[in-house]
Every structure is written in structure tokens, then in C-alpha cells.
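Colleague: In this note's numbering, the protein residues as written are 562 to 682.
Quick one: the structure is below, and I'll ask about it shortly.
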Amino acid sequence: MGVKMKWNATPKLWLEVEANSVTEAIEIISGYATVFSITKCGKCGSERVRPEHRVASGYNFYNIRCDECGAQFDFGQHKEGGTLFPKRDKGWYVYQGGSEGGPAAPTEDGNRAFSEAAADF
Ligand SMILES: [Zn+2]
Numbered sequence: 562m563g564v565k566m567k568w569n570a571t572p573k574l575w576l577e578v579e580a581n582s583v584t585e586a587i588e589i590i591s592g593y594a595t596v597f598s599i600t601k602c603g604k605c606g607s608e609r610v611r612p613e614h615r616v617a618s619g620y621n622f623y624n625i626r627c628d629e630c631g632a633q634f635d636f637g638q639h640k641e642g643g644t645l646f647p648k649r650d651k652g653w654y655v656y657q658g659g660s661e662g663g664p665a666a667p668t669e670d671g672n673r674a675f676s677e678a679a680a681d682f
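Okay, structure coming up:
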């Protein structure tokens, strides 16, 4: 028996989920919630954040970007299933140069950014 449900992920986002079991529904919702529950920048507190995807050197990079201060919060990708997980150890940081579009280096205040980002969850 399948079930269709609407889930209010954030005040701005509704998900329509179709699942065959409770466990499947949770797997689907949790995958979206991991990314879209981040609705606020951990650096400046702005709500002008958006999901971002880019490809560099053949790799996919997924993150949340703040349009206000330019900070980003990265996600890693599980090898199995391809789902994303938040890189909480890195937290929010502002990309400080390096190769254009390449993986960003953590900033000196990465620890502070982490504690701020963690407070959002
Ligand atoms: Zn910001």
C-alpha cells in the first residue's frame, strides 16, 4: 500500500512525498530536511539563503549559500544512495580564494562558524 503525503519542510517549502512504507517516507523526508531545514545563515543570520550546486574537476559540490554575506555551508554526499549530509565540522564559512570553483578551504573562524551553524538545528 502506498501513501501520498504533504510535508511542511519549512515555512516556504512543501514536499509531496509518495512512499510505500513509513520507513521509506522517513528516508525521503529526512533527505530533504537535511538540506532544506537550513533556512538561516550561520554567519550573519540572514534568511536569504539558497541551495547551490556546482561542478568542479568532475566532482559535484552541494551547499547552501548566503546571498547577504556570501558564506556557505557544505554538504558531503554518501557513496551509497547519493544522499547528502551536512558538514557540521566545517560549518558556515566564507570562501577565501584558491582555485576558482574548487573545493573551499575552511577559514580560521571555522570553529565559531560551526557553533553558530549548530545552533540553527
Ligand atoms: Zn550570511
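For glycine and all other residues, C-beta sits at the position ideal for the given N, C-alpha and C.
For clarity, every value in this text was computed on a predicted model and none was experimentally measured.
#1: So the candidates are C602, S598, L645; which of them puts its Cα closest to the Cα of L576?
#2: Could you tell me the distance, in whole angstroms, from the CA atom of R649 to the CA atom of P572?
#3: Specify the secondary structure class of Y593 as computed by DSSP and reduced to three states.
#4: Quick one: Cα of E585 to Cα of Q638, how far?
#5: Please confirm whether any heavy atom of ligand 1 lies closer than 6 Å to the CB of K651.
#6: Could you pull the start and end residues of the beta strand (DSSP E) that D635 belongs to?
#7: Regarding K601 and ligand 1, is the C-beta to nearest heavy atom distance less than 6 Å?
#8: Within 6 Å: the Cβ of E613 and any heavy atom of ligand 1?
#9: Kindly identify the DSSP beta-bridge partner or partners of A570.
Modeller: According to the structure data:
#1: Walking along the sequence shown from the start, residue 576 turns up at place 15. Checking every option, the nearest Cα to that of L576 belongs to S598.
#2: The residue you call residue 649 lines up with position 88 of the sequence shown. The residue you call residue 572 lines up with position 11 of the sequence shown. C-alpha separation (whole angstroms): 23 Å.
#3: Translated into positions along the sequence shown, residue 593 becomes position 32. Three-state DSSP puts Y593 in a helix.
#4: Within the sequence shown, the letter at position 24 stands for residue 585. Within the sequence shown, the letter at position 77 stands for residue 638. Each residue's alpha carbon lies about 19 Å from the other.
#5: By 1-based counting over the sequence shown, the position of residue 651 is 90. Every heavy atom of ligand 1 is 6 Å or more from the Cβ of K651, so no.
#6: Indexing the sequence shown from 1 puts residue 635 at position 74. Looking at the DSSP string, the run of the beta strand (DSSP E) that includes D635 is 632-638.
#7: Indexing the sequence shown from 1 puts residue 601 at position 40. Flag unset: Cβ of K601 not near ligand 1.
#8: Numbered from 1 along the sequence shown, position 52 holds the residue referred to as residue 613. No - ligand 1 has no heavy atom lying nearer than 6 Å to the Cβ of E613.
#9: For the purposes of this step, residue 570 is taken as residue 9 along the sequence shown, with counting starting at 1. According to DSSP, which records beta bridges pairwise, A570 is partnered with nothing at all.
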